């Protein structure tokens, strides 16, 4: 860094942000700067000391605040993952995640929306529980989305009568997520919730911070779930494989006829096909009641 | 030119209800916080007005908007933002402003506020209210952006002084000169946080009353009060405690000069029951009533 006094507003903001967003070293600002010089020298280039605090110490207040705030936000949003990994491992994962994906949003609401894919990219950070951690992060992300994503006007059954199934493309609500999990993390979170006397009400879900032992309850079990919202409360609905595949096909913009045929064609026996057709009919009644389908954008 | 402007203060008499707060005389409010939602909706306690953090309600759907609509049926609501980063060099976030404007239509807010700070660089957000270097370049830059925001939102915009823990070598004026310059140049209102004045005064060794007596008080549209935490070498603006006596004294001095003005208590961490927060806020009434009595006697 040159000895020229730093003057431009952009330059000053860039210098400060680089220091503020740099990971802490054991809860303190790192003593050595990126180029090997002392961070105190770096800080004194643009931060004025006073009689009580030097430039390094003044800058460190912001550096600590940045990390405390962002780590706390992730901890609030991912209580299940935090419980699963334990606080130290979760924090290590969070710091690495934020270093790769710093927030580019005005809100902290979606700070962790790339956390599941980051776990997939960097399995060593969660080993040997990477698959479980991925499932948990995906599930908790879906809960956040269900909390405040848009609800479009629901589709009325009458409006479907105007088209034949081969032409109907159903749109699902933006707040609805479908997940295929390798672990029954929904049960784990339910137990975690009960353990802390919370309801399944949306904001309560994101407020758990207490430890819960992994070994006590996470079962390796292929699980299909829909995370959704009803009357502004977040709910989890277990699905079977047929239901999941059908909804997934619809989410992939297949027509109603294509989605149903894809499923029915897998059943060789006519009796089974008829049973499935009845089941599909029932499912659609429930899903329509839950308001999962919405009107297409004009 | 700018330095001349710094020394010229308007001689206009401050008005509690002025163009910067949409000519409102709201009284004493508190910040709407999640822990109090249920009680506010169920019991509808008598509180003059509520302040919301705009970003908490700039969402596409769900419970936050349901709560807001229910609250709006019973209380005046004023929006206060934390993420506009008016002093940042990044371009103004159009998507953010669009959502903010939509929310002002929902709340029918007579004015809106955010902080005189920066918080993002090259699109990366610190989610903090970082202090601006008090330079002439920053004055021009920030004032231009405030004008643009005000024009877009079509309602008065107020800037709030922040608590800070660091100063820049590059600063060319005091904080109060910077606040004055920016607000005059942008022709915007001031949300004066008296706790922030106290915190920064301690952290940067200046006198709170020098600050108070050298800003364009006629622009004060609203006042913030809050508690803070004192450490050995600095004070942190934690909003987790009652207002300290020293801060009430600054508030009293301010009211002496500007009269009754929209006042709000912020309590954001270790939040006690609604009644405790409201009771703390209502302490401001003692000061406001004393001022009113003095005014009526002199009349």
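Residue numbers (this note's numbering), protein chains in the order written: chain L, -10 to 287; chain A, 9 to 307.
Note that beta-carbon positions come from the ideal geometry of N, C-alpha and C, so glycine has one too.
Note that this is a predicted model, so its numbers are computed, not measured.
Annotated three-state conformation of residue 84 of chain L is helix, per DSSP.
The residues 189, 190, in chain order, have a CB closer than 6 Å to that of residue 147 of chain A in the same chain once the five nearest residues on each side in sequence are set aside. Distance check between residue 164 of chain L and each of L:144, L:119, L:281, L:7 places L:281 closest, using alpha-carbon atoms only. Listed along the chain, the chain A residues whose CB falls inside 9 Å of the CB of residue 140 of chain L are 68, 69, 70.
Only exposed fits residue 26 of chain L, as fewer than 16 other CB atoms lie within 10 angstroms of its CB.
Where residue 191 of chain A is concerned, the enclosing alpha helix (DSSP H) starts and stops at 183 to 194.
If you look at residue 259 of chain A, you'll find it in the alpha helix (DSSP H) that goes 253 to 266.
In the structure shown, residue 306 of chain A falls within a helical segment according to DSSP collapsed to helix, strand and coil.
Here the C-alpha atom of residue 85 of chain L lies approximately 37 Å from the C-alpha atom of residue 233 of chain A.
Annotated as distal: residue 121 of chain L and residue 90 of chain L, with beta-carbon spacing of 7 Å or more. Taking 7 Å as the threshold, the shortest C-beta distance from residue 125 of chain A to chain L does not fall below it. Sequence-ordered contacts of the stretch 98 to 116 of chain L with chain A read 98, 100 [C-beta pairs closer than 9 Å]. Within chain L, the residues 95 have their CB atoms less than 7 Å from the CB of residue 104 of chain A, given in chain order.
Cβ atoms of residue 243 of chain A and residue 207 of chain A come within 8 Å of each other, at about 5 Å. Selection L:110, L:-3, L:249 evaluated against residue 155 of chain L yields L:249 as nearest (Cα-Cα). Beta bridge pairing from DSSP links residue 88 of chain A with A:61, A:121. Only those residues of the stretch 239 to 256 of chain A whose C-beta falls short of 7 Å from the nearest C-beta of chain L are listed: 241, 242.
Of the candidates A:229, A:227, A:251, A:251 places its Cα closest to the Cα of residue 236 of chain A. Think of a sphere of 9 Å around the beta carbon of residue 138 of chain A: the chain L residues whose beta carbon falls inside it are 2, 5, 6, 9, 51, in chain order.
Minimum Cα-Cα distance from residue 88 of chain A among the listed residues A:290, A:293, A:230 corresponds to A:230. Residue 280 of chain A does not reach chain L, its nearest Cβ partner there being about 17 Å away, counting only Cβ pairs nearer than 9 Å. By the rule that beta-carbons nearer than 7 Å mark a contact, residue 206 of chain A does not touch chain L. Under DSSP, residue 223 of chain L forms a beta bridge with L:218. In the three-state DSSP reduction, residue 295 of chain A falls in the helix class (H, G or I). Here residue 281 of chain L carries a coil assignment [DSSP, helix/strand/coil]. The DSSP-derived three-state label of residue 22 of chain L is coil. Not a single C-beta of chain L is nearer than 7 Å to the C-beta of residue 28 of chain A. Between the alpha carbons of residue 254 of chain A and residue 261 of chain A lies a distance of about 11 Å. The distance from the Cβ of residue 74 of chain L to that of residue 128 of chain L is about 14 Å, inconsistent with a contact at the 8 Å cut-off.
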